[in-house]
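I have placed the structure first, in the form of structure tokens, so that the comments after it can refer back to it.
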Amino acid sequence: DVKVTQSSRYLVKRTGEKVFLECVQDMDHENMFWYRQDPGLGLRLIYFSYDVKMKEKGDIPEGYSVSREKKERFSLILESASTNQTSMYLCASSFGGAGGEQFFGPGTRLTVL
Amino acid sequence: QKEVEQNSGPLSVPEGAIASLNCTYSDRGSQSFFWYRQYSGKSPELIMSIYSNGDKEDGRFTAQLNKASQYVSLLIRDSQPSDSATYLCAVNRAAGNKLTFGGGTRVLVKP
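For the record, the sequence lines run as chains A and B.
Under the numbering used here, the first residue of the first sequence is numbered 157, with each subsequent residue one higher.
Under the numbering used here, the first residue of the second sequence is numbered 1026, with each subsequent residue one higher.
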């Protein structure tokens, strides 16, 4: 079974803090994704990576950056957290190639005070 | 027009009945279609994938795809209270690896 893990289930941070969200997958997937999910707005893609050190902006990259130094690990960074970044953050991974099935981690509920 | 559209529901069905969920998409180049189930407070779980026109059955679930009409549907037979969840339709973007998700349909199965 594909396993995608995320470093924290719940996180509370203060405005202006630098926040790191970590995601690890154990299926040797080429692609990894970061989404946020908000009521009424659905799942929105922040960034994705199709290979080590490769990244591509998603639909809402502003205020975020990412890092992928190893194939199994994909990090989302909030350089200076703001209250409007309070959300559920979901990591997913898939095999390379177009249109593959994505498998999600358990999610991190981030609250920025 | 949203790229992937679903009725938000709630879709209320009695236990044992068939739940029918619909999804329409706008990108004619899309080739891969997925249904995810998401329980409240949990992450989406993949339940069905479909790539060619017609029906695909997996247990109590049947996915139906009609590319000419640009819709994909999910049938849940013999609905159980444990099927109460939000169901997300996802469609690949023709240009590559990314998926576009619909807003989800909330299903309530009443005993």
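The beta carbon of each residue, even a glycine, is placed where N, CA and C say it ideally should be.
Could you check the C-alpha separation between residue i and residue j for me, to the nearest Å?
i	j	result
residue 208(A)	residue 1114(B)	29 Å
residue 185(A)	residue 252(A)	7 Å
residue 297(A)	residue 231(A)	Since the displayed chain A opens at 157 and closes at 269, residue 297(A) lies outside it and no answer follows.
residue 1042(B)	residue 1085(B)	11 Å
residue 225(A)	residue 179(A)	12 Å
residue 1054(B)	residue 1098(B)	18 Å
residue 240(A)	residue 246(A)	16 Å
residue 223(A)	residue 248(A)	15 Å
residue 228(A)	residue 161(A)	10 Å
Three-state secondary structure (DSSP) at residue i?
i	result
residue 1139(B)	With chain B running from 1026 to 1136 in the structure shown, residue 1139(B) is simply not present.
residue 1063(B)	strand
residue 241(A)	helix
residue 1109(B)	coil
residue 208(A)	coil
residue 1089(B)	strand
residue 216(A)	coil
residue 197(A)	coil
residue 1103(B)	coil
residue 184(A)	coil
residue 164(A)	coil
residue 1050(B)	strand
residue 1094(B)	coil
residue 269(A)	coil
Beta-carbon separation of residue i and residue j under 8 Å?
i	j	result
residue 233(A)	residue 214(A)	no
residue 1126(B)	residue 269(A)	no
residue 259(A)	residue 1071(B)	yes
residue 192(A)	residue 243(A)	yes
residue 211(A)	residue 182(A)	no
residue 236(A)	residue 172(A)	yes
residue 1045(B)	residue 1076(B)	no
residue 163(A)	residue 188(A)	no
Mind checking which residues open and close the beta strand (DSSP E) that includes residue i?
i	result
residue 232(A)	229 to 234
residue 181(A)	175 to 181
residue 1030(B)	1029 to 1031
Exercise. Contact between the region 1030 to 1044 of chain B and the region 1128 to 1135 of chain B: three or more CB pairs below 8 Å?
Worked result: yes
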